[in-house]
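All residue numbers for the sequence shown refer to the numbering used here, where the first residue is 50 and numbers rise by one. Written below as structure tokens is the structure these notes are about.
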Amino acid sequence: MLGLLGGTATVALAGCADEEDPEDGDIEDEDPEDGDDEEGTAERTNADKAQAAWERAVDNPLPEDEGLRQDAYVEMEEAVRDDAVLVPIYHGFTELFWYDYVDVPLTGALGDHWQQHNNTQVDGQDELNLINSTFDELDPIMSTDTASSRVITQIYENLSQFPNGVPEVENQLLDEFEVSEDGTTWTFTIRDDATFHDGGDVTADDVKYSWRRSVESPNTERRGFTLNQPVGLGIDVEMDDDGPVPDSLAVEVIDDQTLEIELVGPNPDVLDVIAYSSFAVIPEGYVGDIDGYDGEVSHQEFTTEVANGTGPFELDEFNADEDVRVVRNDDYYGDVADVEALNWEIIENDDAIWTYALEQNADIFEIPTPFYDQDAVDADTDDRNREVGTYGPAGGLNEEVNYVGISELSTYYFGFNAENVDAPVRQAVAYVLDKQQVVDEVFAGRGTPAFSFLPPGIWPTGADGYDAFVDDYPYSRGESDLESAQEVLADAGYTADDPAELTLTTYEDVAFETAGELVRDLLSGSGADIDLDVSQFSVLQNRGEDGDLEMYTLGWIWSWPAAPYGSFQLEPRNTRTEGMPGETNGFYLNWHTELEEEQ
Numbered sequence: 050m051l052g053l054l055g056g057t058a059t060v061a062l063a064g065c066a067d068e069e070d071p072e073d074g075d076i077e078d079e080d081p082e083d084g085d086d087e088e089g090t091a092e093r094t095n096a097d098k099a100q101a102a103w104e105r106a107v108d109n110p111l112p113e114d115e116g117l118r119q120d121a122y123v124e125m126e127e128a129v130r131d132d133a134v135l136v137p138i139y140h141g142f143t144e145l146f147w148y149d150y151v152d153v154p155l156t157g158a159l160g161d162h163w164q165q166h167n168n169t170q171v172d173g174q175d176e177l178n179l180i181n182s183t184f185d186e187l188d189p190i191m192s193t194d195t196a197s198s199r200v201i202t203q204i205y206e207n208l209s210q211f212p213n214g215v216p217e218v219e220n221q222l223l224d225e226f227e228v229s230e231d232g233t234t235w236t237f238t239i240r241d242d243a244t245f246h247d248g249g250d251v252t253a254d255d256v257k258y259s260w261r262r263s264v265e266s267p268n269t270e271r272r273g274f275t276l277n278q279p280v281g282l283g284i285d286v287e288m289d290d291d292g293p294v295p296d297s298l299a300v301e302v303i304d305d306q307t308l309e310i311e312l313v314g315p316n317p318d319v320l321d322v323i324a325y326s327s328f329a330v331i332p333e334g335y336v337g338d339i340d341g342y343d344g345e346v347s348h349q350e351f352t353t354e355v356a357n358g359t360g361p362f363e364l365d366e367f368n369a370d371e372d373v374r375v376v377r378n379d380d381y382y383g384d385v386a387d388v389e390a391l392n393w394e395i396i397e398n399d400d401a402i403w404t405y406a407l408e409q410n411a412d413i414f415e416i417p418t419p420f421y422d423q424d425a426v427d428a429d430t431d432d433r434n435r436e437v438g439t440y441g442p443a444g445g446l447n448e449e450v451n452y453v454g455i456s457e458l459s460t461y462y463f464g465f466n467a468e469n470v471d472a473p474v475r476q477a478v479a480y481v482l483d484k485q486q487v488v489d490e491v492f493a494g495r496g497t498p499a500f501s502f503l504p505p506g507i508w509p510t511g512a513d514g515y516d517a518f519v520d521d522y523p524y525s526r527g528e529s530d531l532e533s534a535q536e537v538l539a540d541a542g543y544t545a546d547d548p549a550e551l552t553l554t555t556y557e558d559v560a561f562e563t564a565g566e567l568v569r570d571l572l573s574g575s576g577a578d579i580d581l582d583v584s585q586f587s588v589l590q591n592r593g594e595d596g597d598l599e600m601y602t603l604g605w606i607w608s609w610p611a612a613p614y615g616s617f618q619l620e621p622r623n624t625r626t627e628g629m630p631g632e633t634n635g636f637y638l639n640w641h642t643e644l645e646e647e648q
């Protein structure tokens, strides 16, 4: 399955309120349950509710405000649910399979795109062969998907890491750190034995330059992760009408191995956040896309042709939509790789993926859902709640292979461009969608039905709060409710004779195409007609940024286990596709069009 990582574009302090909220964090807007106030002000929309909740969370960053923030994230979920601007389908359960001649560390709940393969061994061959999906860049500050992240992780490194995707943060290029008493000043000491692929030593100046690029470069799609709280780090910066003032990011180099950052407020998740790929370290001045640097290579070259990181592998060749090859870094400061190279074949067609894997052209692989047999799994649960064991023989696979199944922090969903699709049509989709049926019949049981965007494992108010939220789910949970779908459509003026018409765009994945066909058929004759369109993943992303989607399928995978990392995608103002890429980086929802002040 494909998933977005961290959104789709850049945001400059997205989520900051235009006006300060009251000190106690309460919003001044009328509660939507109360209807009109005495002066006749219209009931606020669900988008207004979500916007106010997000701003309340952002404006109250202190530790003592934790409860207020958690309640705000739940309010956002309620608004998304009631407006059906995004309809969750399931939370992911990722499975990996590998032949017996491969010895690979088990991955964790954050996903295999975190895994460096220097500790993977392949008996009888010098190279590890893998499958990947389409992507078109290797610049860490542009990476927004798991496909590019799988490769970037081999080449570039961060101060911290989640080894193999296990959600326990560890040092990587970092030696040690200190935090001020108020939690706003962090001092990092860089390890002194790491070198770049060109032989240069890693210094604090390299870190500062790399993090400046994430804010100042016109190519960045991760500015918000550096500047924002509670989504990202929240490093202080000076802003003017053109955006961040060059070299004003509050990162100070103390000496060759030490730097200090100043945050706009305390942030307990700093080490988690800086493990994300946009904080990867490259040599100072390597790309000349920020003030003060001419660059050794052009940005176009840096995107697809050259790379210079500290990772266990070096870029050899990248042919977009075809293949990628990286070769062993023999001077790596850590465990030098056992294999000489990694090769990814870019394949998106399920039949082609399965054939490629069956012929042992891929050593580690996923099994596309149409070819998966749940009864072929023989596994036990380990101490990290992973299912570990074997799979097969089954479905053309004539031998037993190794298996791991991982409950990921991920959500796959139907999204809507609110500017193009009316709320009653969106709600009708929610009514007919029996999520358990979809998981069982379409995804072969590989997932958990999703009634919220945030997975239960990171629900802001805990397990009891999640159960209460699910109990209040308004769309006939546990069944496909065509009658209610017809009613909500009829109330909006849509009938079988005069239906709403919309196009559902899925990326090239048979399971999601089948899910789309199911929803289309369930709504047939109800007052909503759905046409299906299949697109390459990267093309779907581009169309989403252009506002050229109506209904679509995508997924979101958490890169660190915190509610705001994900919820920021739902802030209505941050879903304005007109600002993508450059100013906004939310989901392709255009939900801002339903804010009262925007009408």
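Just so you know, even glycine gets a beta-carbon here, dropped at the ideal spot from N, CA and C.
Local Cβ density within 10 Å of residue i, reported as buried at 16 or more and exposed below that
i              : result
isoleucine 303 : exposed
tyrosine 512   : The question names tyrosine, yet the displayed sequence has alanine at residue 512. Exposed, by the Cβ-count rule.
tyrosine 150   : exposed
tryptophan 288 : In the sequence on display, residue 288 carries methionine and not tryptophan. Under this definition methionine 288 is an exposed residue.
glycine 542    : exposed
valine 123     : buried
glycine 593    : buried
asparagine 634 : buried
glutamine 535  : buried
serine 198     : buried
serine 229     : exposed
threonine 195  : buried
glutamine 203  : buried
aspartate 83   : Because aspartate 83 sits at a pLDDT of 42, beneath the cut-off of 50, its placement in the model cannot be relied upon, and the point is left open.
threonine 90   : Residue placement at threonine 90 cannot be trusted, given a pLDDT of 37 that sits under 50; what the coordinates show is reported in the next sentence. So threonine 90 ends up on the exposed side.
Boundaries (first-last residue) of the beta strand (DSSP E) holding residue i
i                 : result
alanine 356       : Segment: none, alanine 356 is in no beta strand (DSSP E) and carries neither H nor E.
arginine 374      : 372-377
phenylalanine 226 : 223-228
threonine 234     : 234-239
serine 456        : 450-456
tyrosine 480      : No beta strand (DSSP E) contains tyrosine 480, which is instead part of the alpha helix (DSSP H) from 472-481.
aspartate 304     : 300-304
proline 137       : 135-147
phenylalanine 362 : 362-368
phenylalanine 463 : 459-465
Residue interval of the alpha helix (DSSP H) (run including residue i)
i                 : result
asparagine 392    : No alpha helix (DSSP H) contains asparagine 392, which is instead part of the beta strand (DSSP E) from 390-395.
tyrosine 614      : 613-616
phenylalanine 500 : No alpha helix (DSSP H) contains phenylalanine 500, which DSSP labels as neither H nor E.
tyrosine 405      : 399-407
tyrosine 122      : 115-132
alanine 101       : 95-107
glycine 273       : 272-276
valine 322        : 319-322
glutamate 311     : Unbroken run through glutamate 311 is the beta strand (DSSP E), 307-311; no alpha helix (DSSP H).
serine 263        : 253-265
Cα-Cα separation between residue i and residue j, rounded to whole angstroms
i             : j              : result
aspartate 521 : isoleucine 402 : 41 Å
glutamine 409 : alanine 133    : 43 Å
glycine 464   : arginine 130   : 12 Å
proline 621   : glycine 141    : 25 Å
alanine 560   : isoleucine 416 : 12 Å
glutamate 333 : glutamate 270  : 20 Å
aspartate 296 : aspartate 285  : 11 Å
aspartate 516 : glycine 506    : 12 Å
aspartate 546 : leucine 553    : 20 Å
threonine 352 : aspartate 412  : 27 Å
valine 330    : aspartate 384  : 19 Å
threonine 359 : tyrosine 205   : 5 Å
threonine 642 : isoleucine 138 : 24 Å
Contact with chain C by residue i, beta-carbon distance below 8 Å
i           : result
leucine 222 : Of the chains in the structure shown, none is chain C; there is only one protein chain.
*Enumerated in chain order, which unbroken segments of the alpha helix (DSSP H) with a length of 4 residues or greater are wholly contained in the stretch 555-589?*
559-572
_Report the start-end ranges of each beta strand (DSSP E) in the stretch 152-217 that is 3 residues or longer and not cut off at the edges._
The qualifying runs are 176-181.
*Evaluate contact between the stretch 207-220 and the stretch 173-185, counting only Cβ atoms and requiring at least three cross-stretch pairs below 8 Å.*
no
*Is the stretch 360-370 close to the stretch 341-351, with three or more CB pairs under 8 Å?*
no
*Could you tell me which uninterrupted alpha helix (DSSP H) segments, each at least 4 residues in length, are contained entirely in the stretch 508-548, listed from first to last along the chain?*
511-520 and 531-540
*the stretch 258-276 contacting the stretch 298-314, beta-carbon criterion three pairs below 8 Å*: yes
_In chain order, each beta strand (DSSP E) run of at least 3 residues that lies wholly inside the stretch 419-444_ = 426-430 and 436-440
*asked:* Three Cβ pairs or more, each shorter than 8 Å: is that satisfied between the stretch 176-186 and the stretch 577-593?
replied: yes
*Any alpha helix (DSSP H) of 4 or more consecutive residues that is wholly inside the stretch 593-643*: 613-616
*Hey, is the stretch 224-240 in contact with the stretch 309-317, meaning 3+ C-beta pairs nearer than 8 Å?*
yes
*Quick one: any contact between the stretch 624-633 and the stretch 448-458, if contact means 3 or more CB pairs under 8 Å?*
As far as the Cβ criterion goes, the stretch 624-633 does not touch the stretch 448-458, which means the pair count is below three.
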